[in-house]
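Take 88 as the starting number for the sequence shown in our numbering and just add one per residue.
Data first, discussion second: the structure below is written as structure tokens.
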Amino acid sequence: MIFEQIRSGACLSYVIGCEDTRAALVVDPEINQLDRYHALAARDGLRIRYVLDTHTHADHFSASRELARQTGAAIIMHRLSSAPYVDIRVDDGESLIVGKLRVGVLYTPGHTDDAMCLVLADRLLTGDTLLIGGTGRTDLPSGDPEKLYDSLFNKLLHLDPALLVYPAHDYKDRDHSTLGEEIAHNLRLQKTRREEFVAQMRALDLAMPTHLTEALRTNRSGGKTVSQLIAEAASKVSFMSMSEVRQRIERTPPELALLDVRERDAYLAGHIPGALHIPRGQLELRVNEMLPDPTQRIVLYCEYGKISTLAAATLHDLGYGRAVALDGGYQAWREAAYPIEPG
Ligand SMILES: [Fe+2]
Numbered sequence: 088m089i090f091e092q093i094r095s096g097a098c099l100s101y102v103i104g105c106e107d108t109r110a111a112l113v114v115d116p117e118i119n120q121l122d123r124y125h126a127l128a129a130r131d132g133l134r135i136r137y138v139l140d141t142h143t144h145a146d147h148f149s150a151s152r153e154l155a156r157q158t159g160a161a162i163i164m165h166r167l168s169s170a171p172y173v174d175i176r177v178d179d180g181e182s183l184i185v186g187k188l189r190v191g192v193l194y195t196p197g198h199t200d201d202a203m204c205l206v207l208a209d210r211l212l213t214g215d216t217l218l219i220g221g222t223g224r225t226d227l228p229s230g231d232p233e234k235l236y237d238s239l240f241n242k243l244l245h246l247d248p249a250l251l252v253y254p255a256h257d258y259k260d261r262d263h264s265t266l267g268e269e270i271a272h273n274l275r276l277q278k279t280r281r282e283e284f285v286a287q288m289r290a291l292d293l294a295m296p297t298h299l300t301e302a303l304r305t306n307r308s309g310g311k312t313v314s315q316l317i318a319e320a321a322s323k324v325s326f327m328s329m330s331e332v333r334q335r336i337e338r339t340p341p342e343l344a345l346l347d348v349r350e351r352d353a354y355l356a357g358h359i360p361g362a363l364h365i366p367r368g369q370l371e372l373r374v375n376e377m378l379p380d381p382t383q384r385i386v387l388y389c390e391y392g393k394i395s396t397l398a399a400a401t402l403h404d405l406g407y408g409r410a411v412a413l414d415g416g417y418q419a420w421r422e423a424a425y426p427i428e429p430g
């Protein structure tokens, strides 16, 4: 078996490949690691056939849909997952066949109602059901401490204690443990009576994950994150540095058109000298009258450099092949004490 653990902050994902057939399964892929999954698969001569989320993640962005789109892999989740894009909905007691590997599905609700663990010959992928020295929390949407108790004490912890434990999260740079070590030392698992365990879970006063709403929105719908939208736009356009822009607008005649895409009030309070103004929200409707020459070199800017990236990509789509975005935003321009023009 080819087995690779990929860490992205506290998130752990896995590439599991069959040495004989070179088929691979990616578990809990994270959006910032997309290129790495391709690179690992290429390095080991693997073809990604399946991507799987052990549960609906509320704290980070799943790359399952994008990875599946890029590779043609099938997306696997538990049958109770609300994500509409899942190809194979699995349930307790079923197995996935990855080349010559058998990957068993153990339904373990509690952290979420669609949570499962994966059982391989010598190891477990425990998702957020069992962590090293902890368990998944049960206070996020569809979490239930009673169900987590059953999943652990009446199911997972009955498996062979020699099995290696590979969780979906770890906050202390540990990569794995064993089921036996967790049973012996995991503090949460020392509360073996149902009432004590449930009370302990209910008493945890944890902060909500930073991107909870956006993570649930994108992971449940398969939609894109805001940073994905900006990254996709950034991959379509090029950028020009502030000093380069400054030199070029100070020449006569200026070598390029500047376009401020902030709101009107911000533009009137001050802008880069000579800049035209179309708020981002009106860009498509007003661009024909304001910029009649699609071959013109245009530098777009906004306050922080994100909206202008989206706007520059939109101009590209409209045929303005020389639209570029300012590398930085008006805020950085102002802080650099570069010339500005009021009104
Ligand atoms: Fe989770």
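Even for Gly, the Cβ is constructed at its ideal location relative to N, Cα and C.
On a predicted model such as this, the values are computed, not experimentally measured, just so you know.
Check                                                                                                                                                                                 : Outcome
Should the region 315-323 be regarded as contacting the region 366-380, the criterion being three or more beta carbon pairs within less than 8 Å?                                     : no
In the DSSP assignment, find the alpha helix (DSSP H) that holds Q157 and state where it starts and stops.                                                                            : S151 to T158
Taking only the alpha-carbon atoms, compute the straight-line gap between A436 and L154 and give it to the nearest angstrom.                                                          : The chain is shown only over 88 to 430; residue 436 falls outside these bounds and no answer can be derived.
Can you find a heavy atom of ligand 1 that lies under 7 Å from the Cβ of H142?                                                                                                        : yes
Where E390 and T382 are concerned, what is the direct C-alpha to C-alpha distance, given to the nearest angstrom?                                                                     : 25 Å
What first and last residue would you give for the alpha helix (DSSP H) that runs through T401?                                                                                       : I394 to D404
Okay, do the region 173-190 and the region 225-238 touch, 3+ Cβ pairs below 8 Å being the bar?                                                                                        : no
Would you say R275 and T199 are within 8 Å of each other, going by their C-beta atoms?                                                                                                : no
For the region 289-298 against the region 142-160, do three or more pairs of beta-carbon atoms, one drawn from each stretch, fall closer than 8 Å, so that the two count as touching? : yes
Measuring straight from C-alpha to C-alpha, what distance separates R304 and G310?                                                                                                    : 7 Å
Hey, A150 and E117 are a contact pair by Cβ (cut 8 Å); roughly how many whole angstroms apart?                                                                                        : 6 Å
Applying the 10 Å Cβ sphere with the 16-neighbour rule, what's the burial state of D262?                                                                                              : exposed
Quick check: the Cα distance between D414 and H358, rounded to an integer number of angstroms?                                                                                        : 16 Å
Does the Cβ-Cβ distance between C105 and L188 come in under 8 Å?                                                                                                                      : yes
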